Amino acid sequence: MPLFWRIFLLNAVVLVTAAALLLGPVTVSTPVLLTEAAVLTGGLAAMLIANALLLRVGLAPLQRLTRAMTTTDLLRPGRRLAVDSQGEIAELIATFNAMLDRLEHERATSSARALSAQEAERRRIAQELHDEVGQTLTAVLLELKRVADHAPPEMRGELHQVQETTRVSLDEIRRIARRLRPGVLDELGLAKALRALTTEFTSPGLSVQHRLDAELPPLGHDAELVLYRVAQEGLTNTVRHSRARHAELALRRTPAGVGLLIRDDGRGIGDAPEGAGIRGMRERALLIGADLTLGPGPRGGTEISLDVPVPDRNG
Numbered sequence: 001m002p003l004f005w006r007i008f009l010l011n012a013v014v015l016v017t018a019a020a021l022l023l024g025p026v027t028v029s030t031p032v033l034l035t036e037a038a039v040l041t042g043g044l045a046a047m048l049i050a051n052a053l054l055l056r057v058g059l060a061p062l063q064r065l066t067r068a069m070t071t072t073d074l075l076r077p078g079r080r081l082a083v084d085s086q087g088e089i090a091e092l093i094a095t096f097n098a099m100l101d102r103l104e105h106e107r108a109t110s111s112a113r114a115l116s117a118q119e120a121e122r123r124r125i126a127q128e129l130h131d132e133v134g135q136t137l138t139a140v141l142l143e144l145k146r147v148a149d150h151a152p153p154e155m156r157g158e159l160h161q162v163q164e165t166t167r168v169s170l171d172e173i174r175r176i177a178r179r180l181r182p183g184v185l186d187e188l189g190l191a192k193a194l195r196a197l198t199t200e201f202t203s204p205g206l207s208v209q210h211r212l213d214a215e216l217p218p219l220g221h222d223a224e225l226v227l228y229r230v231a232q233e234g235l236t237n238t239v240r241h242s243r244a245r246h247a248e249l250a251l252r253r254t255p256a257g258v259g260l261l262i263r264d265d266g267r268g269i270g271d272a273p274e275g276a277g278i279r280g281m282r283e284r285a286l287l288i289g290a291d292l293t294l295g296p297g298p299r300g301g302t303e304i305s306l307d308v309p310v311p312d313r314n315g
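Under full-length UniProt numbering, the first residue of the sequence shown carries the number 1, and numbering increases by one thereafter.
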């Protein structure tokens, strides 16, 4: 039944009932007696209450749909409203669910293209840093060594200082290139790449430990890259924002596939809004159908969990 006729008939039932009472056992005198006024007032209140209750029941699905519209986040897919009624409201909810399916598919497709282009650009920049800037600095370093060997003793100290500055800059260029393009991931695999990542982020102010399962199910290149990038972004956030002293990175086999866990003992995220880094992690998780959760750890700090499903090849 259309929504209009449902509301109309509910109101009609209340009004017809009131009219029947006035024509039957309830009468009105002229002038109106006090008892009659009390009866009419009570009847009017009962009519309004009944009408409000009936409308609330009839329009409850619309209120659920409104809440879903205001809380839907395409980076947290899969949430749908149950179609537990019939008529126009059920059709509206089904249309909204279909729209979410289409939007999530389009979002995942566009994010895949954008992240693929981003990875290609990172590889290009890393290659240019390694081949152009890195080789140029290496040549400068060798030239400085040659000049320092033939320079007067009073100038050798300054030349050695410039040589050391150039060496530090070369190491920094190589470190940036490694972060842009994780060559170790392609050459040595995910476990060794994550082990090298924890070593890279370990510093005098932060101890990063790793626990990596020896036997993991086979993962595709995209899944390994997403796991590596999420671990990299999570540890970067720990260094920049958490003020943590200890952090832990774990990669383990789960019944559904592979789970990545990053945990620290810092100050946590609190009520801070999600930044570009966290939203980037969520977009990467969507590419491989993974589930990313982020929140406080069991003993404070921040905990990031990424569950990557792996199809059963024996099934």
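Even for Gly, the Cβ is constructed at its ideal location relative to N, Cα and C.
As the structure is a prediction and not an experimental result, all values here were calculated from the model.
- The residue from Gly295, Arg299, Asp291, Pro182 with its alpha-carbon nearest to that of Val308 is Asp291.
- Rounded to whole angstroms, the Cβ separation of Leu142 and Val162 is 13 Å, and the two are not in contact under 8 Å.
- One thing to note: Arg263 has its Cβ no nearer than 8 Å to the Cβ of Asp213.
- In the three-state reduction of the DSSP assignment, Ala82 falls in the coil class.
- Within the model, the alpha-carbon separation for Leu294 versus Arg195 is close to 22 Å.
- The Cβ-Cβ distance between Ile93 and Leu81 falls below 8 Å.
- Across the set Leu287, Pro311, Pro298, Asp131, the C-alpha of Leu287 shows the shortest separation from the C-alpha of Ser110.
- Val147 is positioned such that its CB atom lies closer than 8 Å to that of Leu159.
- For Gly257, the enclosing beta strand (DSSP E) stretches over residues 257-264.
- If you ignore the 5 residues before and after Leu10, its C-beta comes within less than 8 Å of the C-beta of Asn51, Leu54, Leu55, Gly58, all in its own chain and listed in chain order.
- About 6 Å separates the beta carbon of Gly268 from that of Gly300, a gap short enough to meet the 8 Å contact definition.
- In the three-state DSSP reduction, Val308 falls in the strand class (E or B).
- With 16 or more other Cβ atoms inside 10 Å of its own Cβ, Pro61 counts as buried.
- The residue among Arg64, Asp171, Arg123 with its C-alpha nearest the C-alpha of Asp186 is Arg123.
- The beta carbon of Glu248 sits closer than 8 Å to those of Val208, Gln209, His210, Arg211, Leu261, Ile262, Arg263, Asp264, all from its chain and outside the five residues before and after it, given in chain order.
- Within 10 angstroms of the beta-carbon of Gly157 lie fewer than 16 other beta-carbons, which makes it exposed.
- Contact check for Leu219 and Val258: beta-carbon distance about 7 Å, within the 8 Å limit, so the pair qualifies.
- Shown here, Arg56 sits in a helix according to DSSP, grouped into three states.
- According to the DSSP secondary-structure assignment, Asp291 is paired through a beta bridge with Asp307.
- As the crow flies, the alpha-carbon of Ala114 is around 35 Å from that of Gly205.
- In the DSSP assignment, Ser110 falls within the unbroken alpha helix (DSSP H) covering 88-128.
- For Ala196, the enclosing alpha helix (DSSP H) has its first and last residue at 190-201.
- The alpha carbon of Lys192 has as its nearest neighbour, out of Leu216, Glu283, Asp171, Leu180, the alpha carbon of Leu216.
- Taken in chain order, the complete alpha helix (DSSP H) segments of 4 or more residues contained in the segment 148-186 are 153-180.
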